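Some notes on the structure that comes next.
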DNA sequence: TCAAATCGGATCAATTCGCTCCGATTGCCA
DNA sequence: TGGCAATCGGAGCGAATTGATCCGATTTGA
């Protein structure tokens, strides 16, 4: 139940790219790596994947770089996650490309996974890149917009209670 | 963006246990293993984890076994998943027990992860064990529940696997 | 034409996950 | 009352996937 690190980094990278969208239409991997403090090879790999998915257009050569193919408001988290990790599928049953589940005959819960799958994807698709850049923070118990990373390391149990409050029961 | 196999098996196992809840109040790991075609050691490991989480009560010795501590209607998927995988956290930022994210100072998307996190958890918490047992299969398209906000985007592919699971005991 | 800077694919190490084995505990039976 | 058998519980090992790094191909600018 955890997103891969690459997908997490891809979201950060796309958010940084969306901030520079209006300023300089063309930006490169090195700039993004410096800005997001991500390793440059990692950013390069993300650029290839995102380019293959059609979210960005990359041009080679000196002075090259990449740019977003669509405005930030038209790109959501589900697009980015699917570009990195492939189709969103909580279980191997949902995408039956790998039919290695031996218990599917007696598995009565599989049809329900599609529902959960759609709900998860909907939650991701509901957040666009524009919302990430326009509204940096929500005044939640999580330490908010505090850009002081030092205090964030030992913030205590405040954040753990946040997800409990957010969870619908 | 994929659930671990253990969590998937745990849901299948709990569904099988819920079916036998009224018939024989006490059931063992061997029976569940035979019924669900899961490896016996895997079922045993799941029993220990679920017992630690308080979802089932296990008794040792000859004729022992385990039983659900709560009725199936009071157990949802979020409980089972959290029992196996720990707290639901899509990214490492949400549970800052591992503060190994070096870019959190310039990360403007982290507050938004809590929202997505809560949405995912809510989707899981909305499905109870009773719904898995009462309604074995729905050959219909994904049933129009309220929380399928944007599931219609890619919901077509998953429905085809529904009628494959015809043989439900 | 040369050179520099970029993307793209391929390779290697590390972490995590899943499976299996062995020990501890308890109830039943002789 | 002693032994046996069946069960859960935890520890260890192997495998697979993931994540980071390196090198080559390509293209533009001088």
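Chains as they are written, first to last, in the working numbering: chain A, 305 to 473; chain B, 305 to 473.
No residue lacks a Cβ here, since even glycine has one placed at the ideal position from N, Cα and C.
Here the structure is a predicted model, which is why all the values come from computation and not from measurement.
The Cβ neighbour count for residue 364 of chain A, taken over all protein chains shown within 10 Å, is under 16; the residue is labelled exposed. With contacts defined as CB atoms closer than 8 Å, residue 433 of chain A and residue 379 of chain A qualify as a contacting pair. DSSP, reduced to helix, strand and coil, places residue 360 of chain B within a strand of the structure shown. In the DSSP assignment, no residue is bridged to residue 344 of chain A. In the DSSP assignment, residue 372 of chain B falls within the beta strand (DSSP E) that extends over 369-372. Shown here for residue 428 of chain B: same chain residues with a beta carbon closer than 8 Å to its own, the five before and five after excluded, namely 380, 381, 382, 385, 392 in chain order.
Collapsing the DSSP output to three states places residue 394 of chain B in coil. Within the stretch 350-382 of chain B, those residues whose Cβ lies closer than 9 Å to any Cβ of chain A are, in chain order, 380, 381, 382. For residue 412 of chain B, there is no enclosing alpha helix (DSSP H), since its DSSP letter is neither H nor E. Take the alpha-carbon of residue 331 of chain A and the one of residue 344 of chain A: they are about 14 Å apart. In this structure, the alpha-carbon of residue 317 of chain B lies about 35 Å from that of residue 314 of chain A. Across the set A:334, A:342, A:319, A:396, the C-alpha of A:396 shows the shortest separation from the C-alpha of residue 417 of chain A. Neighbours of residue 315 of chain A in chain B, taken as residues whose beta carbon is under 7 Å from its own, are 413 in chain order. Under the three-state reduction of DSSP, residue 332 of chain A is assigned to coil, being neither helix nor strand.
The DSSP-derived three-state label of residue 308 of chain A is coil. Nearest neighbour of residue 372 of chain B by Cα position, chosen from B:435, B:426, B:320, B:436, turns out to be B:320.
With a beta-carbon spacing of about 17 Å, residue 388 of chain A and residue 337 of chain A fall beyond the 8 Å limit used to define contacts.
Residue 382 of chain B: member of the alpha helix (DSSP H) spanning 381-389, first to last residue. Taking C-alpha positions only, residue 421 of chain A is separated from residue 394 of chain A by approximately 6 Å. Rounded to the nearest angstrom, the gap between the Cα atoms of residue 377 of chain B and residue 414 of chain B is 34 Å. Contacts between residue 424 of chain B and chain A, judged by CB atoms closer than 7 Å, involve 424, 427 in chain order.
Within chain A, not a single residue places a beta-carbon under 7 Å from that of residue 347 of chain B; the smallest gap is close to 12 Å. Straight through space, the alpha carbons of residue 324 of chain A and residue 351 of chain A are spaced by roughly 16 Å. In chain order, 306, 307 make up the part of chain B whose C-beta sits under 7 Å from the C-beta of residue 394 of chain A. Residue 367 of chain B has its alpha-carbon roughly 30 Å from the corresponding atom of residue 435 of chain B. Neighbourhood of residue 384 of chain A in chain B, by CB distance below 7 Å: empty, with the nearest CB roughly 10 Å away.
Taken atom to atom, the span from the alpha-carbon of residue 307 of chain B to that of residue 353 of chain A is near 23 Å.
Distance between residue 360 of chain A and residue 369 of chain A, taken at the CA atoms: about 10 Å.
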